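Remarks on the structure that follows.
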Amino acid sequence: MQRVRGVVASRKGAPVELVEIDVPDPGPGEAVVRVQACGVCHTDLHYREGGINDDFPFLLGHEAAGVVESVGPEVHDLAPGDFVILNWRAVCGHCRACDRGEPWYCFATFNATQNMTLADGPDAGRALSPALGIGAFIEKTLVAAGQCTKVDPRARPAAVGLLGCGVMAGLGAAMNTGGVRRGMSVAVIGCGGVGCAAVAGSALAGAGRIIAVDLDERKLARARGLGATHTVDAKVNDPVEAIRDLTGGHGADVVIEAVGRPETWEQAFYARDLAGTVVLVGVPTPDMRIPDIPLIDVFGRGGSLKSSWYGDCLPSRDFPMLVDLYLQGRLDLDAFVSEEIALDDVEAAFTRMQQGEVLRSVVLL
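The opening position of the sequence shown corresponds to residue 1 in the UniProt record's numbering, with each subsequent residue numbered one higher.
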C-alpha cells in the first residue's frame, strides 16, 4: 500500500479538498499508474454537485495519462514503465455486444475491484468512489489493467490525456457516431471542450463545411482555430435559420449537439438536411425530456437520431491512432490545453471552466 495526495469531493456542493489517500497494491487484473497529467472536466464538477449520484466521497479526475508503476497477477499485456492513457470503457470481451463484434458498445465494462481509501481523520479507511472508475486527481491511482491504453511515449501527457474523456467524446461523435466523411456539411451546437473536439474531428474527417454555433464569441474563436469554416453567434442569430442559410437552404448533413439541453437538441433536429444525422453528445440531466416534436416530422425528415457515449470509441483502436496523428501534426491536441495547474488548484479551475475562460485546465503532477 502507498499513501499519496488526491483531490476529494466530500459532500454535495462543498469545495474539493487535497487529502492523503491510501492506494492498495494492485490485485489480479489491476494496475497502479503514476499520473502525469489530468484534465479538469465538467463531469468532475457534476460529481461534486451530486449530479451523477450521491456516493460521496468522490476521488475526482479521469482525463489522464501516466506511467504504469506496477501490475497485479493475471496482467499479461501491460508492464511497469508503459506510458498509458486511462479510459473508463475497459471492455469485457464476452458480453453480447463484444460477441457480435461491437466492443465499443460493451455492456459489461469494469473497474478495479479494490478500493482506495481516506488515510486520515475521523473517516480514515472510508472507501472512495473514483470518478468514472478512475480517480486521477491523485499522484498514483489504482485501475483495472483494461483501463490502460498504451500509446507512443513521445506524446505530451497534458495533451493526450484529454483523450480519456471530453476530447475523445467530441472527436468520436463526429468520426464514429456521426460518420462524417469527406465533403459533408457539419454543424456543431455548443463549442466547449467536447464541441470543439467535434469540430476538430469533422475537419480531420475532411468535412467540407463546418459550422460552429455558440453564445460565446470566445468559444467560437476557439472553434475557428480548430477547423470551423463558419460560425454562428446564437445570441443574435437563429441557429436553425443560420445553418440552413449556410447549406443552400437544406440543413447540414450531420448536426452534433454538444450542450445536452432539450432546446438545443430541437435546434439540431430541424437544422439537419433530409435524411441527415443528429448526434447527441452533450450530457443532459435526468429531469430533461425530448421536446414536443410532431411524430410526422420524425418520419418525414428521415435520417438518424443518435446518442454518442464516449464518442463510441474503442480505446485500444482509437487512442494509438489519434496519438499518432497528434505526433504527425495533423491533430492539434495542444490547442485544448488552456492552462497547466497544480493539484491544489482544481477548485479554482472549476470556476474558470464555468465562466468559459478555458477549454481545459490540466493538472500536472
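Backbone N, C-alpha and C define an ideal beta-carbon position, used for all residues, glycine too. All figures in this text were calculated on a predicted structure; none of them were measured in a lab.
Between which two residues does the alpha helix (DSSP H) carrying residue i extend?
i           : result
residue 368 : The structure shown does not extend to residue 368, since the chain is modelled only from 1 to 365, so the question has no answer here.
Cys196      : Gly193 to Leu204
Ala221      : Glu217 to Gly225
Ala159      : Pro157 to Val160
Arg5        : Counting along the chain, Arg5 falls outside any alpha helix (DSSP H), though it belongs to the beta strand (DSSP E) covering Gln2 to Ala9.
Ile296      : Leu295 to Arg301
Glu347      : Val346 to Gln354
Met168      : Gly166 to Gly172
His76       : Where His76 is concerned, there is no enclosing alpha helix (DSSP H), given that its DSSP letter is neither H nor E.
residue 370 : The shown model of the chain, from 1 to 365, leaves out residue 370, and the question about it has no answer.
Ala97       : Arg96 to Asp99
When DSSP builds the beta bridges, which residues end up paired with residue i?
i      : result
Pro130 : Leu59
Lys150 : Val84
Ile189 : Val213 and Glu257
Ala144 : Glu30
Val19  : Gly6
Leu118 : Ile21
Nearest to residue i by alpha carbon, out of the options?
i      : options                           : result
Asn53  : Gly81, Leu18, Ala9 and Val84      : Ala9
Ala197 : Ala268, Leu162, Pro157 and Asn237 : Leu162
Pro320 : Arg244, Val160, Glu257 and Gly208 : Val160
Glu63  : Val75, Val40 and Gly206           : Val40
His46  : Asp292, Pro153, Thr351 and Cys106 : Thr351
Ile293 : Arg3, Phe58 and Ala268            : Ala268
Arg89  : Ala342, Glu340, Leu314 and Ala349 : Leu314
Ile138 : Asp120, Met116, Gln147 and Thr149 : Met116
Ala207 : Val199, Arg182, Val84 and Ala187  : Arg182
Ala335 : Ile211, Ala65, His76 and Ala200   : Ala200
Gly146 : Asp152, Arg5, Cys106 and Ala155   : Cys106
Ala271 : Ile243, Asp345 and Asp120         : Ile243
Asp123 : Glu340, Arg11 and Val362          : Arg11
Ile210 : Arg3, Asp238, Val180 and Glu49    : Val180
Val67  : Leu60, Phe58, His94 and Cys38     : Cys38
Terminal residues of the continuous beta strand (DSSP E) containing residue i?
i      : result
Cys38  : Glu30 to Gly39
Asp334 : That residue, Asp334, is in no beta strand (DSSP E); it is neither H nor E in DSSP.
Val363 : Ser361 to Leu364
His230 : His230 to Asp233
Val180 : Val180 -> no beta strand (DSSP E), and no H or E assigned at all.
Glu241 : First-last for Glu241: Pro239 to Asp245, but that is the alpha helix (DSSP H), not the beta strand (DSSP E).
Ala275 : Arg272 to Leu280
Leu305 : Ser304 to Ser307
Ile341 : Glu339 to Ile341
Could you tell me if residue i is buried or exposed, where buried requires 16 or more neighbouring beta carbons within 10 angstroms of its beta carbon?
i      : result
His230 : buried
Pro73  : exposed
Glu217 : exposed
Leu220 : buried
Asp287 : exposed
Met1   : exposed
Pro103 : buried
His42  : buried
Gly81  : exposed
Asp44  : buried
Leu246 : buried
Gly121 : exposed
Leu295 : exposed
Pro157 : buried
Asp318 : buried
I'd like to know if residue i contacts chain C, where contact means its C-beta is closer than 8 Å to some C-beta of that chain.
i      : result
Val346 : The structure shown contains no chain C, having only a single protein chain.
message = Is it the case that the region 221 to 232 contacts the region 248 to 258, given that we only count it when at least three CB pairs across the two stretches are under 8 Å?
response = no
inquiry  = Could you check whether the region 288 to 302 touches the region 323 to 340, counting it as contact only if at least three pairs of C-beta atoms, one from each stretch, sit closer than 8 Å?
reply    = no
message = I want to know whether the region 345 to 355 touches the region 121 to 134 - three or more CB-CB distances under 8 Å.
response = A contact is defined here as three or more CB-CB pairs under 8 Å, and the region 345 to 355 fails this definition with respect to the region 121 to 134.
ask   = For the region 279 to 291 against the region 304 to 313, are there 3 or more C-beta pairs whose distance is under 8 Å?
value = A contact exists between the region 279 to 291 and the region 304 to 313.
inquiry  = Is it the case that the region 24 to 43 contacts the region 131 to 151, given that we only count it when at least three CB pairs across the two stretches are under 8 Å?
reply    = A contact is defined here as three or more CB-CB pairs under 8 Å, and the region 131 to 151 meets this definition with respect to the region 24 to 43.
task = Evaluate contact between the region 182 to 192 and the region 256 to 265, counting only Cβ atoms and requiring at least three cross-stretch pairs below 8 Å.
result = yes
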